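Heads up, the sequence shown is in the working numbering, so the first residue is 4 and it goes up one at a time. Here is the structure we will look at.
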Amino acid sequence: MLSPAAGTAGSSARREYERRKTKDQDRLREKWGRFGALAVALSDERPSTQSWAQGAIGEERLGARLDAASSDSLAVLHDRRIPGSKANIDHIAVTPGGVWVIDAKRYKGRPELKIEGGFLHPRVEKLLVGRRDSTKLVDGVLKQVDVVREHAGAVPVNGVLCFIEADWPLVGGAFTTRGVHVLWPKRLAKVLATRAAGDVDVARMTALLATRFRRA
């Protein structure tokens, strides 16, 4: 049975979605008066509001898979607040081999690594998702890794971008860019399972991170 301290995957994104949804509906009711209920029923959700629901679903699905894989050698914390910030970390996994900072994304399109430059120019790695430049996602994970590393001491800390519903190829597809693993839920579970060797005290490290990164 999972500890309540593990948190609930997607909880803060789900709360933000409900807050924005209520605010949008209140605005419609105020605008349309006695026709407000009808306006709410006939109106589509704003994309900026719907994106929070989509994000919550992605975190919830990945969280369920990680919870199912949990064991004495794999502990998971969900939806953790970054100290001194309104931002959060979707999932933190702890194995004997190290700590994994996991950012869940429910994006469409195929994740790809594009490398520019080489012998005559600086090498630049870009993350593309459906041909859109999404390199900023890698930057975001690296910032989270740096924050967790400050609290994890000498324990290795790894970054992960896990795309929930992306268009992955039948063979291959996973890659690493600037030290961040880019993959899908099933592949992530397998990677974490292979990191069972190491001298990290999983229970102790999980308890430490749970106190430093509170539930969001």
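For each residue, glycine too, the CB sits at the ideal point set by N, CA and C. Here the structure is a predicted model, which is why all the values come from computation and not from measurement.
Distance from the CA of V203 to the CA of G156, rounded to the nearest whole angstrom, comes to 11 Å. Contact check for E128 and R190: beta-carbon distance about 20 Å, past the 8 Å limit, so the pair fails to qualify. The beta carbons of E115 and L131 sit closer together than 7 Å. G36 is classed as exposed because its beta carbon has fewer than 16 other beta carbons within 10 Å across all chains shown. Annotated three-state conformation of H154 is helix, per DSSP. Only residues of its own chain outside the window of five on either side were considered, and among them L80, R83, I95, V97, V102, V151, H154, A155 have a CB closer than 8 Å to the CB of L212, listed in chain order. Listed in chain order, the beta strand (DSSP E) elements of length 3 or more contained wholly in the stretch 64-106 are 78-84, 91-98. Membership of P114 in the beta strand (DSSP E) is indicated by the continuous run 114-119. With fewer than 16 other CB atoms across the displayed protein chains lying within 10 angstroms of its CB, T197 is exposed. In this structure, I92 lies near Q147, with their beta-carbon atoms less than 7 Å apart. Listed in chain order, the non-local C-beta contacts of T214 below 8 Å within the same chain number zero, local neighbours out to five positions each way being set aside. In the DSSP secondary-structure assignment, T197 is not bridged to any residue.
For L45, the closest of S54, D27, G58 by C-alpha to C-alpha distance is D27.
Residues of the same chain with a CB within less than 7 Å of the CB of R49, apart from the 5 flanking positions on each side, are D27 in chain order.
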